Amino acid sequence: MCQLSKRLLAISLILLTAFAVAGEEFPGRKLYPEVEIVTLEQLKGMPKETHIVDVRSPYEYATIHIKGAINVPIAHAEFVKKIRALRKKSFDPIIFYCNGHTCFKSYKAARKAQVFGVGDVFSFDAGIFDWARAQPGRTVLLGKSPIDPSQLISKKKHKTRQIGPEEFKRRAESDKYAVIDVRSRTQRASMGLFPFVEKWASLEDSEKLRSLLEQAQKEQKTLLIYDNVGKQVRWLEYRLRAMKIKDYYFMRGGAEAYQKLK
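Just so you know, we're using my numbering here: the sequence shown kicks off at 4 and counts up by one.
Right under this line is the structure:
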């Protein structure tokens, strides 16, 4: 084999490896091949006129977001209407983002916009956490910017605060704990998992939730908090830390995991 052929083979192997790694790290790219991707480096250099759209829930957005981004949840009934209105304002690129890597919302948002005739749309699929670590000066955490990257809670750290449904139930029976259901009214369907023991305050009702958290602090009780599937409490943890609450645990898998015990 000649030297040129060897070089070409080596380059091909490098490229194939890179594509394979990207596919594993960003599984949504295979599922949404028609969606164009914007990388972290590209987003850094985008002009300020670029429309950056956070498609997560209002609660997630209020917890942490890219500075200058607007919040248009993909789950919102008027998502398409709002994106069309954004396009009418200017023909600058529209870049959607969510939590990144294994979160598919940014792809879905871009694809939905395309289907309804909105062009020049992209997905920043690296997501908010990659951005926050790389650009702390252009990130907002609980209303403050710049942020300290050390304040970001990794999945590994968050897992140390999770306990299984059975253990959660066992602890809930003790008066040493304060149990709080943070599901939405719809998710809860007027029924809590621990009647006569728990208290309810949806994540959206920040005033009531803060009051319950402060009450638990005052009574020196350890918090036991659960949501619907164990994912929304990740954002609540930032607020617990901001309030300097140290004693708390979340139910792994949320209410759905608990229901499977029956």
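Note that beta-carbon positions come from the ideal geometry of N, C-alpha and C, so glycine has one too.
The structure presented is a predicted model; accordingly, all values stated were derived computationally and were not measured.
Counting C-beta neighbours from all protein chains within 10 Å, is the total for Thr268 16 or more, i.e. buried, or is it exposed? Residue 268 lies beyond the stretch modelled for the chain, which goes from 4 to 265, so this question has no answer here.
Which listed residue (Phe94, Leu89, Ile67 and Met194) has its alpha carbon closest to that of Arg136: The sequence position of residue 136 within the sequence shown is 133, counting from 1. It is Ile67 whose Cα lies nearest to the Cα of Arg136.
Ser177 by DSSP, collapsed to three states: which one? Residue mapping note: residue 177 aligns to position 174 of the sequence shown, counting from 1. Residue state, collapsed to three classes: coil.
Taking DSSP's pairing of strands, which residues face Ile40 in a bridge? If you number the sequence shown from 1, residue 40 lands on position 37. Beta-bridge pairing links Ile40 to Ser126.
Extent of the continuous alpha helix (DSSP H) to which Ile86 belongs: As a first step, residue 86 must be located in the sequence shown, where it is residue number 83. Unbroken alpha helix (DSSP H) run through Ile86: Phe82 to Lys92.
In the DSSP output, what is Val182 paired with across the bridge? Here residue 182 refers to the residue found at position 179 when the sequence shown is read from its first residue. Val182 is bridged to Leu227.
7 angstroms CB neighbourhood of Ala204 in its chain, flanking five on each side removed: Here the question's residue 204 lines up with position 201 in the sequence shown. Cβ neighbours of Ala204 beyond the five flanking positions: Ile183, Val185, Lys211, Leu212 and Leu215.
Whole angstroms is fine: what's the gap from Asp151's alpha carbon to Pro139's? As a first step, residue 151 is located in the sequence shown; it is residue number 148 there, counting from the start. As a first step, residue 139 is located in the sequence shown; it is residue number 136 there, counting from the start. One C-alpha to the other measures close to 7 angstroms.
Compute the Euclidean distance between the alpha carbons of Lys224 and Asp250, then round it to the nearest angstrom. As a working mapping, residue 224 is identified with position 221 in the sequence shown. As a working mapping, residue 250 is identified with position 247 in the sequence shown. Taking the straight line from one Cα to the other gives about 8 angstroms.
Alpha helix (DSSP H) segment containing Tyr110, residue limits: Position 107 of the sequence shown, counted from the start, is the residue given in the question as residue 110. Per DSSP, Tyr110 belongs to the alpha helix (DSSP H) from Lys108 to Val118.
Taking only heavy atoms of the ligand NAD into account, decide whether any of them is closer than 7 angstroms to the Cβ of Gln190. With respect to the ligand NAD, the structure offers nothing, as it holds no ligand at all.
Between the Cα of Phe253 and the Cα atoms of Leu226, Gln262 and Glu259, which residue gives the shortest distance? As a working mapping, residue 253 is identified with position 250 in the sequence shown. Nearest of Leu226, Gln262 and Glu259 to Phe253, Cα basis: Leu226.
Mapping the DSSP letters down to three states, classify Lys33 as helix, strand or coil. Indexing the sequence shown from 1 puts residue 33 at position 30. The answer is helix: DSSP assigns Lys33 an H, G or I state.
Can you tell me whether Val24 is buried or exposed? The criterion is at least 16 other CB atoms within 10 Å of its CB, across all chains shown. Residue mapping note: residue 24 aligns to position 21 of the sequence shown, counting from 1. Note that Val24 scores a pLDDT of 43, beneath 50, so its modelled location is shaky and nothing firm can be said.
Using a Cβ-Cβ cut-off of 6 angstroms (strictly less than) and excluding sequence neighbours within five positions of Tyr64, which residues of its own chain qualify? Your numbering for residue 64 matches position 61 in the sequence shown. Excluding positions up to five away in sequence, the list reads Asp57 and Asn74.
Please name the residue, chosen from Val121, Lys115 and Ala80, that lies closest to Phe94 on a Cα-to-Cα basis. By one-based count along the sequence shown, residue 94 stands at place 91. Checked all of Val121, Lys115 and Ala80; the closest Cα to Phe94 is Val121.
The beta strand (DSSP E) with Thr189 in it runs from where to where? Taking the first residue of the sequence shown as position 1, residue 189 is located at position 186. Per DSSP, Thr189 belongs to no beta strand (DSSP E); it is in the alpha helix (DSSP H), Arg188 to Arg191.
Roughly how far, in whole angstroms, is the beta-carbon of Val232 from the beta-carbon of Gly256, given that I think they are within contact range, below 8 angstroms? Taking the first residue of the sequence shown as position 1, residue 232 is located at position 229. Taking the first residue of the sequence shown as position 1, residue 256 is located at position 253. About 7 angstroms; that satisfies the 8 angstroms criterion.
Report the three-state DSSP secondary structure of Glu259 (helix, strand or coil). Along the sequence shown, read from residue 1 onward, the residue named residue 259 stands at position 256. DSSP places Glu259 in helix when its eight states are reduced to three.
Give me the residue from Arg191, Ser193, Gly167 and Gly146 with the minimum Cα distance to Tyr241. In the sequence shown, counting from the first residue as 1, residue 241 sits at position 238. Tyr241 has its Cα closest to that of Gly146, out of Arg191, Ser193, Gly167 and Gly146.
Beta-carbon separation of Phe99 and Ala112 under 8 angstroms? If you number the sequence shown from 1, residue 99 lands on position 96. If you number the sequence shown from 1, residue 112 lands on position 109. The answer is yes: Cβ separation under 8 angstroms.
4 or more residues per run - each alpha helix (DSSP H) lying fully within the segment 40 to 72: 43 to 47 and 61 to 66
N- and C-terminal bounds of the alpha helix (DSSP H) containing Val236: Here residue 236 refers to the residue found at position 233 when the sequence shown is read from its first residue. Val236 to Ala245 is the extent of the alpha helix (DSSP H) around Val236.
Using DSSP with H/G/I as helix, E/B as strand and the rest coil, what is Val24? As a first step, residue 24 is located in the sequence shown; it is residue number 21 there, counting from the start. Bear in mind that a pLDDT of 43 at Val24, under 50, signals an unreliable position, so the model cannot answer this.
Please state whether the Cβ-Cβ distance between Ile97 and Asp128 is less than 8 angstroms. To locate residue 97, count along the sequence shown from 1; it is residue 94. To locate residue 128, count along the sequence shown from 1; it is residue 125. No; because the gap between Cβ atoms is not below 8 angstroms, this pair is not in contact.
Check the DSSP bridge columns for Gln165 and list the partner residues they point to. The residue labelled residue 165 in the question sits at position 162 within the sequence shown. According to DSSP, which records beta bridges pairwise, Gln165 is partnered with Phe253.
According to the Cβ coordinates, are Ile289 and Gly71 closer than 8 angstroms? Lying before the first or after the last residue shown, residue 289 is absent from the chain, which here runs from 4 to 265.
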